[in-house]
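K.L.:
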Amino acid sequence: MKMTLLTPEKRVLTGAEVDSVVLPAHRGELNVLEGHTPLVTTLDTGIMRWKLKGSDRFQYAVISWGYCEVYPNGIDILAETADLPEDINLADAQAYIEKAKSRLATESLNDADFEDLARSIKRSEAGLEVSKYKN
Amino acid sequence: MASLKDIRAQIASTKNTQQITKALKLVSASKLRKAQNNIVNMRPYALSLRRVISDVAVTQKVAHPLMGQRTEAAKNVLMVVLTSDRGLCGAFNTNINKFTEKYIKENKASLQKLDFIFIGRKGLEFFQKRNIAPVDSITGLDKDISYKLASQVAERLLKYFLTGEYDEVRLVYNEFKSAISHTVVCETLLPINLGLSSFSDEINTAKFSKDLVFEPNAEKIVEELLVKHFDLQVYRSMSESVAAEHGARMTAMENASNNAKELINKLTLTYNKLRQEKITTELIEIVSGAEALK
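Here the protein sequences come in this chain order: A and B.
The numbers in this note's numbering rise by one with no breaks, and the one at position 86 of the first sequence is 144.
The numbers in this note's numbering rise by one with no breaks, and the one at position 266 of the second sequence is 1224.
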């Protein structure tokens, strides 16, 4: 099964052979294996992981909004951002979460801003989680 | 006639200018490389996104207001003019401004409403002097263009379109061709045109499975993807414009450095001539003085 992971700013993977992909899909975690039914779905902010062919452990990345398209012999994932564990700066992420949370608590925000902020907190938290697994 | 001292000062100052233009050229060259990478990296994402939208829209026969096809010509146009914040880049901004002015002249009569959004300080200032006030303007884009920034801009544009006040959003910007050439293009941003000739295009859908599963559903996916597609369009145009700006600045600075070099050569020649003349005159004076004493 071929996997492609793209963002507007970089190409993370193009046509890599993988055995298994786990995604934060619209309805919860989605595991795509060889022979999955064709599917188009949106992705939420969260952690995705994939297992390269012949490898016995998962590689991790944090993605924000995106979608994936599963076709008979592969999967295309387009995400707005994709941070690999080595891209994540722990101290920055932690500081950001604290700042953002205090903003949530003190400022009165409109719905769109609130959603943005909540999403970016989720992204940073996922980043902290993922940085435990160095690829 | 300038004195020797004047010419020396002039040479020194020209040399200073030359150093600055050379430095600017190098800076632009490295920024250009970065901007070019941006464009190249974005391409696969853009292509893939576009393919899925058209596949889904065609097979599921989904229509969306963002890609509505109009039958009559647009009446209320919102024009987005993309220029740079800083000058010293040749005709980069002038071309855009001229194009826009011409557009205003030609289309003012046939349109009910023509409003502007200026992105970049140069365009804003140019039209402010001509008493054309924008409905909105965005400046301070000096830094590198990021996708995040572009999607913020895109969101603002989308808001204007969705109020229903405008039935077309057009964008004027410099398209990057190569480091030494760029052209002014005027594109229709909204409504989105995916180049779908018709909804019954069989060739496009041949590869697409009929029993495809959609989550949440096809309409929702198309809607979300269209918004992203629009973000990406804005990001692409901005990246193109930035690349073109750096390219234009590089060329302009290259020319300026060459001109400075030429000027220095000329001045040095004059300086040497003058110096020789002076020595000759002094020698003659000494010789004739000595002759007179005999």
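Every residue gets a Cβ at the ideal spot worked out from N, C-alpha and C, and that includes glycine.
So for Thr1226(B), helix, strand or coil by DSSP?
P.N.:
Helix at Thr1226(B).
K.L.:
Quick check: the stretch 1222-1231 of chain B against the stretch 1040-1054 of chain B, are there 3 or more CB pairs under 8 Å?
P.N.:
Not touching, per the Cβ criterion.
K.L.:
For the beta strand (DSSP E) that contains Lys109(A), what are its first and last residues?
P.N.:
It spans Gly104 to Leu110 - the beta strand (DSSP E) in which Lys109(A) sits, taken as one unbroken run.
K.L.:
Quick check on this structure: which residue in Ser166(A), Asp102(A), Val70(A) and Ser189(A) has the alpha carbon closest to the alpha carbon of Asp149(A)?
P.N.:
Looking at the sequence shown, residue 149(A) is not Asp but Ala. The residue with the shortest Cα to Cα distance from Ala149(A) is Ser189(A).
K.L.:
Tyr118(A) and Tyr191(A) - do their beta-carbons sit closer together than 9 Å?
P.N.:
Yes; because the gap between Cβ atoms is below 9 Å, this pair is in contact.
K.L.:
What's the call for Glu92(A), buried or exposed, on a 16-neighbour Cβ count within 10 Å?
P.N.:
Label assigned to Glu92(A): exposed.
K.L.:
Which residues in chain A sit within 9 Å of Glu1198(B), going by Cβ to Cβ distance?
P.N.:
By Cβ distance, chain A contributes nothing, its closest Cβ being about 14 Å from Glu1198(B), past 9 Å.
K.L.:
What I want to know is whether the C-beta of Ala1031(B) ends up closer than 8 Å to one or more non-hydrogen atoms of the ligand NAP.
P.N.:
In the structure shown, the ligand NAP is absent, as is every other ligand, since no ligand is present at all.
K.L.:
Which first and last residues belong to the alpha helix (DSSP H) in which Ala170(A) is found?
P.N.:
Taken as a continuous stretch (DSSP letters only), the alpha helix (DSSP H) holding Ala170(A) covers Asp169 to Val188.
K.L.:
Output needed in chain order: residues of the stretch 77-98 of chain A with a Cβ under 8 Å from some Cβ in chain B.
P.N.:
Listed by position, the residues of the stretch 77-98 of chain A near chain B (Cβ gap below 8 Å) are Ala83, His84, Arg85, Thr95, Pro96, Leu97 and Val98.
K.L.:
Met1000(B) versus chain A: which residues are under 8 Å apart at the beta carbon?
P.N.:
What Met1000(B) touches in chain A: Pro66 and Glu67.
K.L.:
Between Val1014(B) and Ala1176(B), which are expected to be in contact by the criterion C-beta below 8 Å, what is the C-beta distance as a whole number of angstroms?
P.N.:
With a Cβ gap of about 6 Å, Val1014(B) and Ala1176(B) count as contacting.
K.L.:
Would you kindly work out how many angstroms separate the C-alpha atoms of Lys980(B) and Glu156(A), rounded to a whole number?
P.N.:
Approximately 45 Å between the Cα atoms of the pair.
K.L.:
With DSSP as the reference, label Ser1068(B) as helix, strand or coil.
P.N.:
Ser1068(B): coil per DSSP, three-state reduction.
K.L.:
For Glu1181(B), collect the residues of the same chain with a Cβ closer than 7 Å to its Cβ; drop the 5 residues on either side in sequence, then sort them by chain order.
P.N.:
Once the five neighbours on either side are set aside, the close Cβ partners of Glu1181(B) are His1022.
K.L.:
Does Glu138(A) get closer than 9 Å to chain B when you measure Cβ to Cβ?
P.N.:
Judged by the 9 Å Cβ criterion, Glu138(A) is in contact with chain B.
K.L.:
Would you say Leu169(A) faces chain B, with C-beta separation under 9 Å as the test?
P.N.:
Correcting the residue type first, residue 169(A) is Asp in the shown sequence and not Leu. It does not: the Cβ of Asp169(A) has no partner Cβ on chain B nearer than 9 Å.
K.L.:
From what residue to what residue does the alpha helix (DSSP H) around Leu1082(B) run?
P.N.:
First-last of the alpha helix (DSSP H) with Leu1082(B): Arg1079 to Lys1087.
K.L.:
Can the beta-carbon of Ala1137(B) be found closer than 9 Å to that of Leu990(B)?
P.N.:
Contact: yes.
K.L.:
Tell me, please, which residues DSSP counts as bridged to Thr100(A).
P.N.:
BP columns for Thr100(A) point to Tyr125(A).
K.L.:
Is Ser78(A) helix, strand or coil when you go by DSSP?
P.N.:
The answer is strand: DSSP assigns Ser78(A) an E or B state.
K.L.:
Using the rule of at least 16 other Cβ atoms within 10 Å of the residue's Cβ for burial, across every protein chain shown, is Leu1241(B) buried or exposed?
P.N.:
That one is exposed.
K.L.:
Is it buried or exposed, Ser1195(B), if we count other Cβ atoms within 10 angstroms and call 16 or more buried?
P.N.:
Classification of Ser1195(B): buried, given that the 10 Å Cβ count is 16 or more.
K.L.:
Taking the C-alpha atoms as reference points, what is the distance between Pro1149(B) and Asn1223(B)?
P.N.:
Looking at the two C-alpha atoms, the distance is approximately 56 Å.
K.L.:
Examine chain B for any beta-carbon lying closer than 9 Å to the beta-carbon of Tyr125(A), and answer yes or no.
P.N.:
At least one chain B Cβ lies under 9 Å of Tyr125(A).
K.L.:
Give every residue of the same chain whose Cβ lies closer than 6 Å to the Cβ of Phe1076(B), excluding the five residues on either side of it in the sequence, and list them in chain order.
P.N.:
Val1039, Leu1082, Pro1092 and Ser1095, listed in sequence order.
K.L.:
Is the CB-CB distance between Lys1117(B) and Trp123(A) below 9 Å?
P.N.:
Against a cut-off of 9 Å, the Cβ pair of Trp123(A) and Lys1117(B) comes out as no contact.
K.L.:
With 16 other CB atoms within 10 Å as the buried threshold, where does Ala170(A) fall?
P.N.:
It counts as exposed.
K.L.:
Answer yes or no: do Val128(A) and Trp108(A) have a C-beta to C-beta separation smaller than 9 Å?
P.N.:
It is not a contact, given that the beta carbons lie outside the stated cut-off.
K.L.:
Can you list the residues of chain A that Pro1174(B) reaches, using a CB-CB cut of under 9 Å?
P.N.:
Per Cβ cutoff of 9 Å: His84, Arg85, Thr99 and Thr100.
K.L.:
Which same chain residues, not among the five before or five after Met1037(B), have their C-beta less than 6 Å away from its C-beta?
P.N.:
These residues qualify, in order along the chain: Phe1074 and Arg1128.
K.L.:
Measuring alpha carbon to alpha carbon, tell me which of Phe1119(B), Ile1090(B) and Ile1179(B) ends up nearest Val1020(B).
P.N.:
For the residues Phe1119(B), Ile1090(B) and Ile1179(B), the minimum Cα distance to Val1020(B) belongs to Ile1179(B).
K.L.:
Using the beta-carbon of each residue, which ones in chain B are nearer than 7 Å to Asp141(A)?
P.N.:
Those within 7 Å of Asp141(A) in chain B number zero; the least Cβ separation is about 13 Å.
K.L.:
Is the shortest distance between the beta-carbon of Asp1094(B) and the beta-carbons of chain A less than 9 Å?
P.N.:
So, not an interface residue.
K.L.:
Mind pulling the chain B residues with CB within less than 8 Å of Asp150(A)?
P.N.:
Here the premise fails: no neighbours, minimum Cβ distance about 16 Å.
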